[in-house]
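Chains as they are written, first to last, in our numbering: chain R, 109 to 529; chain A, 1364 to 1498.
I have placed the structure first, in the form of structure tokens, so that the comments after it can refer back to it.
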Amino acid sequence: MIRKVYLDNSATTRMDEQVLAAMLPYWTEIYGNASSTHQWGQPARQAIEEARRSMAKAINAQPGEITFLSGGTEADNLAIKGVAEAYREKGRHLITSRFEHSAVLATCAQLEARGWHVTYLPVYREGIVRLEDVRAALTPETVLISIMHANNEIGTIQPIGEIGQVVRERREAGQTHLFLHTDAVQTLGKIPVDVQALGVDLLACSGHKIHGPKGIGALYVRRGVRLESQMHGGNHERDRRAGTESVPLIVGLARAIELAVGALPERMESVRQLRDLLEEQLMRRVAETSRNGDPVRRVPHIANLNFDFVEGEGLQISLDLKGIAVSTGSACASGSTEPSHVLVAIGHDRETGRGSLRFSFSKENRREDVEAVLETLPGIIEKLRQISPRARESQAVGAQAPRRLEIDPSAIHRGVSSVRK
Amino acid sequence: MYSPAVLDHLANPRNGGELANPTARGEATNPVCGDRLILTFQLSEGRVERACFLAEGCSPSIAAGSVLTERIQGLTIAELQRLRPRDITEALQPLPRNKEHCSVLAIDALRAALAGCPNAAGPPTESTEREALDR
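Right, here's the structure in full:
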């Protein structure tokens, strides 16, 4: 039987059985509405407040600073639009980076269409925002800086703590309406996340990236920061997010965070070892392979590699046929193959960014998963390079062409039956 | 996402490579997505005896090149001139609508080859022109 290998944990993760167990009573036994004052509602309220305390503790916040909502996307929307609208009289300038998640970029674009100004900071080849660019972009009109804690495609960690320090300095100098938001969807439960140490005013996170349920996330909002609600219809979540709370999902989110943060050092070490092994071996075995983003300042569970002369889409589908799930940064949508905005932001163009794959690990992965990729992927790349015009042209000009491309065409064209299924 | 036919041609591309001394060689590039396809074929007694392709692009582009080399095997010049993108698309069905341009790429490479093919001199036939509009 083919070993099924799931290495797309930055897309989503399998829910932890302990998380599922924690959630189960809240579907059928403790099903009351947490806003109800009767004996059905009150245990539900208690569960939510316990989850809030647990999550607050995990990120070094106060319980009243946690707002539960539907996920990372909603958290980013509420943080950015909520702050922008609440402080519109103070200024209409925002700062973000070019390679944020689309939840941030699309929200900023929406505000731009409504009259706000947005500065998109460069991230350079290493995929990291530079502090001097943040300083240079700040104006008296700036109300919010929104920079992700770690990038979701290449995993590079941004200097949030240092940016937080810049924000503090500006505030002390009188710009009291300047705030810092970070999308921590790829970092909470993966690396240490402490809102005090980071100096953030808002922080978005999600349940399903850390073996929790889908459809739940949270926004940390530092006490004293005003937000204009984006959802109207009730007084839930301190008037920040109307709608009956999903008690099972909230309980599941808190349990997932508790488990992930509790086992953080072991989980980090385990995924780092697997990630490094995969990277090192692939770069050794497959010529013309390079790493995307800074090799040091990055989360331990993501590897993003670029394989020249081949298309990431074809690699991803070929791996899928062998039972291995990864993702590619060059999606071919609406007839146009373009590298993702993240790959473009770190300097790739249509040609160089085509062959990128993201491998993302979780606590569930084992060494056998890495071995399965190492047994499978080099052969797939070799086969696709044999029919790649660019690989041959590169060989023809002798530009450090991979030796394995020296092939006899007539051998290939008859090679159909020799291909292993 | 893709049909079993596309997946099969991706996993087992037929006739990959480039012939050393082909009767004809044609290359096509999709300016929108940058996909490339190179076709070479050898004629013997007026019919395609061998054909090879090179391709870089999304999976359907590779599959289209692979199908093309199978489809033109044994055909005469006149028969090659009558081939249309639809003939490639049909072999890869169901193909997502936004991927149908991959079969156009394959036929563009074939037409580029025919344009430089000594045995295929002369303007395209009336039906070829009509079919070109068809795609």
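Quick reminder that beta carbons are idealized off the backbone N, C-alpha and C, glycines included.
Given the structure is predicted, the values throughout are model-derived calculations rather than measurements.
Exposed or buried, which one is residue 143 of chain R when buried takes at least 16 other CB atoms within 10 Å? Working through the first sequence from its first residue, we reach residue 143 of chain R at position 35. Residue 143 of chain R is exposed by the Cβ-count criterion.
Relative to the C-alpha of residue 247 of chain R, which candidate in R/218, R/258, R/285, R/268 has its C-alpha closest? On the first sequence, position 139 is the one that residue 247 of chain R refers to. Of R/218, R/258, R/285, R/268, the residue nearest in Cα terms is R/285.
Whose C-alpha, out of R/354, R/479, R/485, R/314, is nearest the C-alpha of residue 415 of chain R? Within the first sequence, numbered from 1, the residue matching residue 415 of chain R stands at position 307. The shortest C-alpha separation from residue 415 of chain R is found at R/485.
Taking 9 Å as the threshold (beta carbon to beta carbon), is residue 499 of chain R in contact with chain A? Taking the first residue of the first sequence as 1, we reach residue 499 of chain R at position 391. With 9 Å as the cut-off, residue 499 of chain R counts as an interface residue toward chain A.
Quick check: the Cα distance between residue 507 of chain R and residue 499 of chain R, rounded to an integer number of angstroms? Locating residue 507 of chain R in the first sequence gives position 399, counting from the first residue. Locating residue 499 of chain R in the first sequence gives position 391, counting from the first residue. Confidence in residue 507 of chain R is poor, its pLDDT being 44 and thus under 50, which makes the residue's placement unreliable; the coordinate value appears in the next sentence. Taking the straight line from one Cα to the other gives about 10 Å.
Would you mind sorting residue 424 of chain R into buried or exposed? The rule is 16 or more other CB atoms within 10 Å of its CB. As a first step, residue 424 of chain R is located in the first sequence; it is residue number 316 there, counting from the start. Result: buried.
Apart from the five residues on each side of it in sequence, which residues of its chain come closer than 7 Å, Cβ to Cβ, to residue 1432 of chain A? Working through the second sequence from its first residue, we reach residue 1432 of chain A at position 69. Result list for residue 1432 of chain A: 1377, 1378, 1414, 1415, 1416, in chain order.
Just the Cα atoms here: how many angstroms apart are residue 112 of chain R and residue 187 of chain R? Working through the first sequence from its first residue, we reach residue 112 of chain R at position 4. Working through the first sequence from its first residue, we reach residue 187 of chain R at position 79. Cα-Cα distance, rounded: 38 Å.
In angstroms, rounded to a whole number, what distance separates the CA positions of residue 431 of chain R and residue 1439 of chain A? The count along the first sequence starts at 1 and reaches residue 431 of chain R at position 323. The count along the second sequence starts at 1 and reaches residue 1439 of chain A at position 76. The alpha-carbon atoms of residue 431 of chain R and residue 1439 of chain A are separated by roughly 42 Å.
By how many angstroms is the C-alpha of residue 176 of chain R removed from the C-alpha of residue 420 of chain R? As a position in the first sequence, residue 420 of chain R is number 312, starting the count at 1. As a position in the first sequence, residue 176 of chain R is number 68, starting the count at 1. Those two C-alpha atoms are separated by around 36 Å.
Can you name the residues of chain R whose CB is closer than 9 Å to the CB of residue 1425 of chain A? Translated into the one-based positions of the second sequence, residue 1425 of chain A becomes position 62. Within chain R, the residues near residue 1425 of chain A are 419, 422, 492, 495.
What residues in its chain sit with their C-beta under 8 Å from that of residue 412 of chain R, if we drop five residues either side in the sequence? For the purposes of this step, residue 412 of chain R is taken as the residue at position 304 of the first sequence. For residue 412 of chain R, where only same-chain residues beyond five positions count, the Cβ hits under 8 Å are 261, 262, 263, 399, 400, 401, 437, 464, 465, 466, 467.
Inter-stretch contact (C-beta, 8 Å, three-pair minimum) for the region 192 to 204 of chain R and the region 220 to 227 of chain R: yes
Tell me whether residue 354 of chain R is buried or exposed, calling it buried when 16 or more other Cβ atoms sit within 10 Å of its Cβ. Walking along the first sequence from the start, residue 354 of chain R turns up at place 246. Residue 354 of chain R should be labelled buried.
Are there three or more Cβ pairs, one per stretch, closer than 8 Å when the region 144 to 157 of chain R is compared with the region 286 to 293 of chain R? no
With 16 other CB atoms within 10 Å as the buried threshold, where does residue 1395 of chain A fall? Here the question's residue 1395 of chain A lines up with position 32 in the second sequence. So residue 1395 of chain A counts as exposed.
Against residue 1399 of chain A, what residues of chain R qualify as contacts under a CB-to-CB distance less than 7 Å, listed in chain order? Mapped onto the second sequence, residue 1399 of chain A falls at position 36. Those are 497, listed as they occur along chain R.
Against chain R, with Cβ distances strictly below 9 Å, would residue 1454 of chain A count as a contact? Residue mapping note: residue 1454 of chain A aligns to position 91 of the second sequence, counting from 1. Judged by the 9 Å Cβ criterion, residue 1454 of chain A is not in contact with chain R.
Rounded to whole angstroms, what is the Cα-Cα separation between residue 483 of chain R and residue 477 of chain R? Position 375 of the first sequence, counted from the start, is the residue given in the question as residue 483 of chain R. Position 369 of the first sequence, counted from the start, is the residue given in the question as residue 477 of chain R. The straight-line gap from Cα to Cα measures roughly 10 Å.
Is there contact between the region 1416 to 1425 of chain A and the region 488 to 504 of chain R, where contact requires at least three CB pairs shorter than 8 Å? yes
Would residue 442 of chain R pass as an interface residue toward chain A - the criterion being a Cβ-Cβ separation below 9 Å? As a working mapping, residue 442 of chain R is identified with position 334 in the first sequence. Per-residue confidence for residue 442 of chain R stands at a pLDDT of 48, beneath the threshold of 50, marking its modelled position as unreliable; the derived number appears in the next sentence. Yes, residue 442 of chain R counts as interfacial toward chain A.
In the DSSP assignment, the alpha helix (DSSP H) including residue 342 of chain R goes from what residue to what residue? The count along the first sequence starts at 1 and reaches residue 342 of chain R at position 234. No alpha helix (DSSP H) holds residue 342 of chain R; DSSP gives it neither H nor E.
Sheet register partners of residue 185 of chain R (DSSP bridge): Within the first sequence, numbered from 1, the residue matching residue 185 of chain R stands at position 77. Per DSSP, none; premise fails for residue 185 of chain R.
Less than 9 Å separating the beta-carbons of residue 427 of chain R and residue 1373 of chain A? Looking up residue 427 of chain R in the first sequence gives position 319. Looking up residue 1373 of chain A in the second sequence gives position 10. Cβ atoms of residue 427 of chain R and residue 1373 of chain A: not closer than 9 Å.
I need the boundaries of the alpha helix (DSSP H) containing residue 1464 of chain A, first residue and last residue. Within the second sequence, residue 1464 of chain A is the residue found at index 101, counting from 1. From DSSP, the alpha helix (DSSP H) with residue 1464 of chain A extends over 1464 to 1478.
Cβ distance (whole Å) where residue 364 of chain R is taken to contact residue 320 of chain R below 8 Å: Taking the first sequence and counting its residues from 1, the one referred to as residue 364 of chain R is at position 256. Taking the first sequence and counting its residues from 1, the one referred to as residue 320 of chain R is at position 212. At roughly 3 Å, the Cβ-Cβ gap stays under 8 Å, so residue 364 of chain R and residue 320 of chain R are in contact.
Distance, Cα to Cα, residue 196 of chain R vs residue 305 of chain R? Within the first sequence, numbered from 1, the residue matching residue 196 of chain R stands at position 88. Within the first sequence, numbered from 1, the residue matching residue 305 of chain R stands at position 197. Between residue 196 of chain R and residue 305 of chain R, the C-alpha separation is close to 28 Å.
Rounding to the nearest angstrom, what Cα-Cα distance links residue 212 of chain R and residue 315 of chain R in this structure? Counted from its first residue, the first sequence places residue 212 of chain R at position 104. Counted from its first residue, the first sequence places residue 315 of chain R at position 207. Each residue's alpha carbon lies about 18 Å from the other.
Given a limit of 9 Å on CB to CB distance, which residues of the region 451 to 466 of chain R reach chain A? 458, 459, 462
Where the beta strand (DSSP E) containing residue 1396 of chain A begins and where it ends: Reading the second sequence from its first residue, position 33 is the one you call residue 1396 of chain A. Here residue 1396 of chain A belongs to no beta strand (DSSP E), and DSSP marks it neither H nor E.
Pop quiz: residue 324 of chain R and residue 367 of chain R are said to be a contact at Cβ under 8 Å. What is the actual Cβ separation, rounded to whole angstroms? For the purposes of this step, residue 324 of chain R is taken as residue 216 along the first sequence, with counting starting at 1. For the purposes of this step, residue 367 of chain R is taken as residue 259 along the first sequence, with counting starting at 1. Incorrect: roughly 15 Å between the Cβ atoms, too far for contact.
Residue 271 of chain R CB to nearest chain A CB: under 9 Å? By one-based count along the first sequence, residue 271 of chain R stands at place 163. So, not an interface residue.
Taking 8 Å as the limit between beta carbons, can you name the residues of its chain near residue 215 of chain R, skipping five residues before and five after? The residue labelled residue 215 of chain R in the question sits at position 107 within the first sequence. Cβ within range, chain order: 184, 185, 188, 189.
CB contact flag (residue 369 of chain R, residue 244 of chain R, <9 Å): Mapped onto the first sequence, residue 369 of chain R falls at position 261. Mapped onto the first sequence, residue 244 of chain R falls at position 136. Going by C-beta atoms, residue 369 of chain R is not nearer than 9 Å to residue 244 of chain R.
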